[in-house]
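Quick mapping for you: the protein sequence lines, in order, are chains C and A. The first sequence begins at 1 in the numbering used here and counts up by one. The second sequence begins at 406 in the numbering used here and counts up by one. No residue lacks a Cβ here, since even glycine has one placed at the ideal position from N, Cα and C. The structure displayed is predicted, hence computed values, not measured ones. Below you'll find the structure, written out as structure tokens, and then a few comments.
Number of protein chains: 2
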Amino acid sequence: MRRGSNQLRVADFNQAVVLDLVRRSRGVSRADLQRESGLSSQTISNITRRLIDDRLIRESTPEGSARGRPSIPLITDPDGAYSVGVHIDPARLTIVLLDLEGEVRLGRQDHTPQATNPSEVTAFIADAVDGLMTEAGIDRARVLGLGIAAPGPLDVEAGLLLDPPQLPNWRNVRLRADLHEATGLPVLLDKDVTAAATAELRSSPQSSTSFVFLYLGSGVGASVVLDNQVIRGTTNNVGEVGDLVVDPDAEQLEWSGRRGGLAAACVPEALVLQAARVGLMPLPNLNDYVAVDDACSALCALASAGDAVASRILERAARRVAVGLGVLVNLLDVPRVVLGGPLWDRLSSAFLPVIPDLVDRELVAAREKVLVQGSAVGEQVAARGAAELVMDHFLAPRASALMVG
Amino acid sequence: MRRGSNQLRVADFNQAVVLDLVRRSRGVSRADLQRESGLSSQTISNITRRLIDDRLIRESTPEGSARGRPSIPLITDPDGAYSVGVHIDPARLTIVLLDLEGEVRLGRQDHTPQATNPSEVTAFIADAVDGLMTEAGIDRARVLGLGIAAPGPLDVEAGLLLDPPQLPNWRNVRLRADLHEATGLPVLLDKDVTAAATAELRSSPQSSTSFVFLYLGSGVGASVVLDNQVIRGTTNNVGEVGDLVVDPDAEQLEWSGRRGGLAAACVPEALVLQAARVGLMPLPNLNDYVAVDDACSALCALASAGDAVASRILERAARRVAVGLGVLVNLLDVPRVVLGGPLWDRLSSAFLPVIPDLVDRELVAAREKVLVQGSAVGEQVAARGAAELVMDHFLAPRASALMVG
């Protein structure tokens with residue numbers, strides 16, 4: 001009985017290995033699979049037949065070959081499986097539907113409901129996910145699950161938001177259980193920065209798989225990727241960098257964040273406070289993240305339109321963010337920094353022309369120049385990462401699948 | 406020819422696997438080795454015979470067994486191999502002789518020569534290493550090599566000190582080649598913090614293999630150990646944290662370091678400048694690291710003797726160091742912080758009573774309390790790590806041994 005169960009798991013593991021090889025290729029023959037997996041030709045034949053029957057992979061058209069019978073490339077069936085990724089930023093809610101080929105089939109962005117009761121937000125997310133699946137016209141039986149990227153701190157194992165400073169009413173919210181109840185889908189919860197780093201790593205060139213990802217949204221956070229591994233932290237709460245002092249001479253803002261900290265340098269609330277202080281715009285209701293986010297958009301638009309005061313605020317933000325990035329690069333000795341998150345698109349035109357040189361100036365002597373770039377994935381990065389984590393959870397071969405049971 | 410060479414390497418690899426299993430045990434039978442290595446009993450028999458012939462391992466006395474013939478435990482022969490570790494702190498030069506059992510057989514500490522010509526220091530190190538080996542009365546043919554732990558930045562692959570701010574005359578010094586020439590030993594160069602983290606990890610309880618190591622010496626540096634792996638950084642120059650701002654309101658010292666930075670908070674030069682500023686002691690020659698280190702010892706002794714002014718300086722240093730540790734823990738989400746390095750023994754009595762709570766206050770909400778402790782290895786930590794890196798280089802099984810050639 002026990003042995004039979006182990007055998008089944010090993011079979012599942014081999015199947016996952018093969019599916020993973022197909023997913024990561026653009027067409028791979030059975031002979032290639034045999035060579036790369038180390039499995040026998042009979043096992044490959046059986047597994048590929050099963051995967052084709054399950055509609056997870058399919059045979060593609062062989063390319064013309066000069067001699068002999070061309071081998072048939074196997075490719076993933078994009079409609080074989082889906083996952084949904086939801087990124088809860090306090091101001092913006094991003095949802096994507098990912099297909100088995102790793103393409104975003106459909107996405108949407110909404111204002112995050114500023115409800116005092118988290119259950120209203122849960123209901124909103126469930127509705128939005130439902131709407132997205134309907135709009136995509138997909139077979140719902142093939143949706144593997146829902147991945148949630150949320151601000152920390154959170155208890156990933158218990159599926160809890162603990163006490164996120166950015167979501168003041170969300171103390172000890174059982175987000176994973178609540179969303180499972182509301183959607184019927186398996187739900188995976190992870191930190192926003194971890195999900196973002198996961199998606200960014202997938203779309204990175206093979207040559208540079210160590211980097212720091214700076215997440216810019218309603219909050220600021222960092223994640224660290226070293227040698228192809230996303231660093232999660234012992235409690236899965238890596239990347240709290242808001243209190244890192246980046247400007248000892250910074251003004252004291254009327255808020256709870258640390259004076260001169262990285263959060264004070266670049267989160268929308270702090271930027272809007274700075275803009276209001278110099279009379280550039282009225283102060284929005286600071287308890288309304290959407291209002292703050294909109295005001296920050298207005299500030300960025302002013303800077304883009306050439307307003308000198310707005311531009312100076314963003315230039316100063318870039319200088320301060322560069323100091324923070326310098327700290328991370330000096331500490332971790334990574335060759336690359338990636339900036340992303342829901343706020344990044346609005347800051348990039350002010351930041352990108354100046355920030356590589358500013359970071360460079362912060363590096364210790366003899367440190368090689370670091371590559372500073374915007375996210376290759378774009379605004380959906382954390383939502384997409386959450387969806388990819390779900391795909392991996394169900395489809396990728398993991399040592400634990402062999403170890404457990 | 407090529408195949409033969411591969412076979413030899415695989416044989417070496419298996420031998421290294423077996424030796425490693427013996428090194429990490431306190432007595433292991435051939436049957437245990439067979440089970441743990443997955444090698445055949447014939448292979449184990451051949452390899453252990455060869456290792457015994459080479460005097461790397463030996464048979465120990467079997468413990469009494471109730472029934473059957475007791476199995477013979479194999480243990481490393483402490484005299485089977487040695488390595489030498491040298492830690493070059495600008496003020497203190499620490500040298501240890503490590504035996505194959507991992508014990509420090511003999512060690513010494515000297516003032517680092519404040520020579521303007523690095524070749525004088527190289528000659529001094531070669532003499533000191535020679536003296537240590539003579540004093541230990543060991544078979545020099547069994548010394549595998551010399552490991553050097555040095556302040557960064559350095560080019561580990563080329564064996565160069567690049568431009569260490571703490572060693573002003575050591576620009577592009579070919580330390581590895583020079584010391585090889587002077588000693589005749591194979592030489593390995595690594596960063597002080599990386600060597601220290603290596604030694605600390607070896608002496609850590611199995612339960613906590615993720616930690617930040619804060620190196621306190623003539624300079625300050627950090628290293629990061631995640632899941633049993635010492636993080637080296639892409640260019641092997643991890644851990645430059647001296648510019649991390651830990652006190653935005655700090656005084657401006659008469660030196661080149663960043664105002665309010667972690668270096669200004671705790672390196673001897675900065676502490677001595679602070680002490681001189683309040684009239685506690687005269688300022689030593691700041692270009693003489695030994696004089697600065699001695700003045701810092703005097704400051705610490707005053708604090709230990711109850712001098713209120715000296716105590717306040719060290720208390721402030723502890724507060725500032727705690728802010729830096731908070732940044733590292735919030736970023737990396739590690740459960741443990743270890744303080745060590747040549748300065749640590751002098752600071753520990755002022756730091757240890759207060760620093761755990763001070764670090765705790767810096768942690769983001771819901772971050773679990775972090776364990777803050779002094780090095781389990783002590784003052785020789787970096788020298789010992791350098792010696793261990795040499796042992797590993799020659800004796801530990803590495804995938805690359807299989808890949809190369």
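So, are the CB atoms of residue i and residue j less than 8 Å apart?
i      : j      : result
A:G512 : A:I500 : yes
A:A831 : A:T588 : Look at the range of chain A in this structure, 406 to 810, and you will see that residue 831 of chain A is not part of it.
C:G326 : C:S348 : no
C:L144 : C:A81  : yes
A:I452 : A:L479 : no
C:A350 : C:S297 : no
C:R336 : C:S208 : yes
A:V578 : A:L590 : no
C:A396 : C:G85  : no
A:R510 : A:A541 : yes
C:L299 : C:V272 : yes
C:D110 : C:A128 : yes
Which two residues bound the contiguous beta strand (DSSP E) that contains residue i?
i      : result
A:V489 : 487-493
C:I57  : 57-59
C:D190 : 187-191
C:Q42  : From DSSP, C:Q42 is part of no beta strand (DSSP E) but of the alpha helix (DSSP H) over 41-53.
A:I480 : 479-481
C:Q373 : 371-374
A:A627 : 625-631
C:R336 : 336-340
Measuring only the C-alpha atoms, how far is residue i from residue j?
i      : j      : result
C:S210 : A:P475 : 51 Å
A:A713 : A:A669 : 21 Å
C:L328 : A:D652 : 18 Å
A:V423 : A:E793 : 18 Å
C:V338 : C:D345 : 13 Å
C:E379 : C:E251 : 30 Å
C:L226 : C:L332 : 9 Å
A:L667 : A:G624 : 10 Å
A:D425 : A:I457 : 14 Å
A:A649 : A:L776 : Per the sequence shown, residue 649 of chain A should be read as Leu rather than Ala. C-alpha separation (whole angstroms): 22 Å.
A:D699 : A:L688 : 11 Å
C:V212 : C:V334 : 7 Å
C:R26  : C:S60  : 10 Å
A:F799 : A:S609 : 23 Å
A:L621 : C:A318 : 32 Å
C:R3   : A:R440 : Per-residue confidence for C:R3 stands at a pLDDT of 30, beneath the threshold of 50, marking its modelled position as unreliable; no derived number is given.
C:Q114 : A:P573 : 57 Å
C:V241 : C:G385 : 20 Å
C:A322 : C:V354 : 9 Å
A:A680 : A:A708 : 11 Å
Let's see if you can read the secondary structure: which residues bound the alpha helix (DSSP H) around residue i?
i      : result
C:V309 : 308-332
A:L580 : 580-588
A:E508 : Here A:E508 belongs to no alpha helix (DSSP H), and DSSP marks it neither H nor E.
A:I636 : First-last for A:I636: 634-636, but that is the beta strand (DSSP E), not the alpha helix (DSSP H).
C:R259 : First-last for C:R259: undefined, no H or E at that position.
C:I386 : Strictly speaking, residue 386 of chain C in this sequence is Ala, with Ile absent from that position. Counting along the chain, the alpha helix (DSSP H) containing C:A386 begins and ends at 381-395.
C:S297 : 289-304
C:R35  : 30-37
C:V272 : 268-277
A:S764 : Rather than Ser, the amino acid found at residue 764 of chain A in this sequence is Val. Per DSSP, A:V764 belongs to the alpha helix (DSSP H) from 760-767.
Going by Cα to Cα distance, which pick from the options is closest to residue i?
i      : options                        : result
C:A222 : C:E368, C:D155, C:P151, C:N169 : C:P151
A:R454 : A:D698, A:L763, A:R440, A:R435 : A:R435
A:R682 : A:R664, A:V635, A:T466, A:E659 : A:E659
A:A602 : A:V782, A:P761, A:R803         : A:V782
A:R637 : A:S613, A:E674, A:L736, A:T599 : A:T599
C:A177 : C:Q166, C:G147, C:P205         : C:G147
C:R320 : C:V334, C:C296, C:D360         : C:D360
C:D79  : C:I72, C:D357, C:M133          : C:M133
A:D404 : A:Q571, A:L707, A:L691         : An answer regarding residue 404 of chain A cannot be provided, because it is not within the stretch 406 to 810 covered by chain A.
C:A91  : C:P397, C:R367, C:R398, C:G341 : C:G341
C:L189 : C:L214, C:S208, C:A149         : C:A149
C:D12  : C:D32, C:I44, C:R24, C:V28     : C:I44
Does residue i have its Cβ less than 8 Å from a Cβ in chain D?
i      : result
A:E659 : Considering every chain present, this structure includes no chain D. Its protein chains are C and A.
**Prompt:** Can you list, in chain order, the stretches of the alpha helix (DSSP H) that have 4 or more residues and sit fully within the stretch 516-569 of chain A?
**Reply:** 523-541
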